[in-house]
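Participant: Protein sequence lines, in the order shown, are assigned to chains A and H. Each residue of the first sequence is one higher than the one before, counting from -18 in the numbering used here. Each residue of the second sequence is one higher than the one before, counting from 3 in the numbering used here. The structure under discussion is supplied below as C-alpha cells; questions concerning it will follow.
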Amino acid sequence: MTTGPTPRELLARLGAGEPSATEIVSEVRTEAMLPFFNDPSNQAQAGGIRIAGSLSAIVSVTAEMSWQRAAALQDWLTDRRGADPLATNETELAELVSDTLFAGGDLAGTARYLGTFIVAGRARRTVRMLIGLTRPVSEAQYAASWAKALAELKAASPDRFARIRAFLTMLLEEESVQVEKLLLLSAVGDLIGHSIATGPSGS
Amino acid sequence: MPSFPPDCVSASPGLRLRPVPELGACLAYDPVRARLHTLNPVSWLILTLCDGRPRQAIAEEFARSLRGLPGTQPEPGAFSRGLAQLEALGLVATHPSGATPKETPR
Chain A
-18 MTTGPTPREL LARLGAGEPS ATEIVSEVRT EAMLPFFNDP SNQAQAGGIR
32 IAGSLSAIVS VTAEMSWQRA AALQDWLTDR RGADPLATNE TELAELVSDT
82 LFAGGDLAGT ARYLGTFIVA GRARRTVRML IGLTRPVSEA QYAASWAKAL
132 AELKAASPDR FARIRAFLTM LLEEESVQVE KLLLLSAVGD LIGHSIATGP
182 SGS
Chain H
3 MPSFPPDCVS ASPGLRLRPV PELGACLAYD PVRARLHTLN PVSWLILTLC
53 DGRPRQAIAE EFARSLRGLP GTQPEPGAFS RGLAQLEALG LVATHPSGAT
103 PKETPR
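The following block contains the structure:
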C-alpha cells in the first residue's frame, strides 16, 4: 500500500505528458567532482548552480517567515510555465537575473541566480535567495540594474512581470527582510591593512 | 474467435512504491533485482493499473484516467511506450490470462 497522493492526483496537479521510467544508478561523488570555481567546462554540475568563473560576491536576500508563507514561495518557485516540464517560475526568475540584469553594458552576464533556499536552524527558519556576481558591482549599480530590468520586463511582458513581482513582493515585504552583500573573504585583500573599503579600519 | 488467451500484465511481485509528490514522481524499488527506479506520474499510473488485467483493459482504463486532466495530453502511443519501458525495467510482466501475481505493489 502506498501513502500520499495517487498518480491521478499528481497528474491533475502537474498535467500529463510522456511516460518516463528510469533506473536510478548510484554513483560515487567526491569533492573533486563538485567543481564550483573556475571550471567553465563543467558549469552545470555543482548542484545545478551555473557559474562561469569565480564569484566576486553574493547578494543574499534573507527573510524570516511563517511556514505557510515559505510554502507559498515554494509553490511559486515550482509552478510550471507552459508545456516544458523544466520551465518553472524559478527558471524564469533565473533567466531574468542571468540575461537581463546588467544587460547591454560592460557588466552584462555578471549576475547569476543561485537559488532560493530555506534555512532550517534550531532557532528559526528563514528563506534566502542568493544571486551571485562574477564581477565587482556597487550597490547602486545593482539596484539600478534591477529597476531597469523590471521596467523593461513590464513593458515587454506584463504577465511575466506580474509573476516576478509577486515573488519579490512575498520575499521583500517581510518585515524581517535583510539584503546583504557577501564578499569572498579570500579575495577582498588584507582586512587588517584597511584594504577593504567597506569595513572598519584597524585604527 | 481468439486462438490464444489475451495477454495480462501484472506489476512485478514485491515491488515497493513510494510517491515523492514534491518531485512529481514515484520511486519504485524492486527487491528481487535490488534496483531503484523513478517513475513520472504517467508511468506510475500505468504501473498501478497493471493488476493482472488484460493489456487492452489497462489501456482503456489508462485513457479513461487521463480524460479531463488539465495540461498536455500524452502523444498517441504513450501507453504502449510507457508499458514497454516498464517491461524493459522488469517492473511489470506479461502472462497468460488466469495467472495471477503473487503480490501486488505496496
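Heads up, the beta-carbon is just placed ideally off N, CA and C, and yes, glycines get one too.
#1: Using 9 Å as the limit for Cβ to Cβ distance, is Leu93(H) near chain A?
#2: Buried or exposed for Thr96(H), please, with buried defined as at least 16 other CB atoms from any protein chain shown within 10 angstroms of its CB.
#3: If we ignore side chains and look at the alpha-carbon of each, how far apart do Glu(-10)(A) and Thr81(A) end up?
#4: Is the distance from the Cβ of Asp9(H) to the Cβ of Pro78(H) below 9 Å?
#5: Considering only C-alpha positions, which residue in the set Leu19(H), Pro98(H), Tyr31(H), Gly70(H) is nearest to Ala196(A)?
#6: Between which two residues does the alpha helix (DSSP H) carrying Ala75(A) extend?
#7: Identify every residue that forms a DSSP beta bridge with Val108(A).
#8: Name the residue from Ser138(A), Leu88(A), Thr150(A), Met110(A) whose alpha carbon lies nearest to the alpha carbon of Gly96(A).
#9: Please state the DSSP three-state secondary structure of Gln159(A).
#10: Apart from the five residues on each side of it in sequence, which residues of its chain come closer than 7 Å, Cβ to Cβ, to Ser12(H)?
#11: Please list the residues of the region -9 to 5 of chain A that have a C-beta atom closer than 9 Å to any C-beta atom in chain H, keeping them in chain order.
#12: Below 9 Å between beta carbons: does that hold for Leu88(A) and Leu74(A)?
#13: Taking just the CA atoms, how far does Pro76(H) sit from Val6(A)?
#14: Answer yes or no: do Asn70(A) and Arg146(A) have a C-beta to C-beta separation smaller than 9 Å?
#15: How close, in whole Å, do the beta carbons of Ala92(A) and Phe83(A) come, if the pair is a contact with beta carbons under 8 Å?
#16: Is there a C-beta anywhere in chain A that falls below 9 Å from the one on Pro21(H)?
#17: What's the gap between the Cα of Arg18(H) and the Cα of Val100(A)?
#18: Please state whether the Cβ-Cβ distance between Val34(H) and Ala80(H) is less than 9 Å.
#19: Evaluate Leu163(A) with the Cβ neighbour count: other Cβ atoms within 10 Å of its Cβ, from every protein chain shown; 16 or more gives buried, anything less gives exposed.
#20: Mind checking Thr188(A): buried by the 16 CB within 10 Å criterion, or exposed?
#21: Among the residues of its own chain, which have a CB less than 7 Å from the CB of Ile60(H), if the five just before and after it don't count?
#22: Can you find a C-beta in chain A that's less than 9 Å from the C-beta of Gln1(H)?
#23: Exposed or buried, Ala13(A), counting other C-beta atoms within 10 Å across all chains shown (16 or more means buried)?
#24: Could you list which residues in chain H have their beta carbon closer than 7 Å to that of Arg250(A), in chain order?
#25: Count the other CB atoms, across all protein chains shown, that sit within 10 Å of the CB of Leu(-5)(A); report buried if there are 16 or more and exposed otherwise.
#26: What number of angstroms, rounded off, separates the C-alpha of Val108(A) from the C-alpha of Gln49(A)?
#27: Give the straight-line distance between the Cα atoms of Pro65(H) and Val78(A), rounded to the nearest whole angstrom.
#28: Looking only at its chain, what residues have a beta carbon closer than 8 Å to the beta carbon of Ala38(A), apart from the 5 residues adjacent to it on each side?
#29: Where do the ends of the alpha helix (DSSP H) carrying Thr50(H) lie?
#30: With distances taken from CA atoms, which of Glu133(A), Met46(A), Asp65(A), Lys135(A) is nearest Gln159(A)?
#31: Rank Pro0(A), Tyr94(A), Ala137(A) by C-alpha distance to the C-alpha of Thr72(A) and give the top, closest one.
Facilitator: Put simply:
#1: yes
#2: exposed
#3: 37 Å
#4: no
#5: Residue 196(A) is absent from the structure shown; chain A starts at -18 and stops at 184.
#6: 70 to 76
#7: Ala44(A), Ile99(A)
#8: Met110(A)
#9: strand
#10: Cβ neighbours of Ser12(H) beyond the five flanking positions: Cys52, Asp53, Gly54, Val94, Ala95, His97, Pro103.
#11: Leu(-9), Leu(-8), Ala(-7), Arg(-6), Leu(-5), Gly(-4), Ala(-3), Gly(-2), Glu(-1), Pro0, Ser1, Ala2, Thr3, Glu4, Ile5
#12: no
#13: 27 Å
#14: no
#15: 6 Å
#16: yes
#17: 32 Å
#18: Val34(H) places its beta carbon 9 Å or farther from that of Ala80(H).
#19: exposed
#20: Residue 188(A) lies beyond the range of chain A shown here (-18 to 184); nothing can be said about it.
#21: Val11, Leu51, Cys52
#22: The requested residue 1(H) is not part of the displayed model; chain H covers only 3 to 108.
#23: Bear in mind that a pLDDT of 44 at Ala13(A), under 50, signals an unreliable position, so the model cannot answer this.
#24: Nothing about residue 250(A) can be read from this structure; chain A reaches only from -18 to 184.
#25: buried
#26: 12 Å
#27: Before going on, a small fix: residue 65(H) reads as Ala here, not Pro. Cα-Cα distance, rounded: 41 Å.
#28: Gly113, Leu114, Pro117, Val118, Lys162, Leu163, Leu164, Leu165
#29: 43 to 51
#30: Met46(A)
#31: Tyr94(A)
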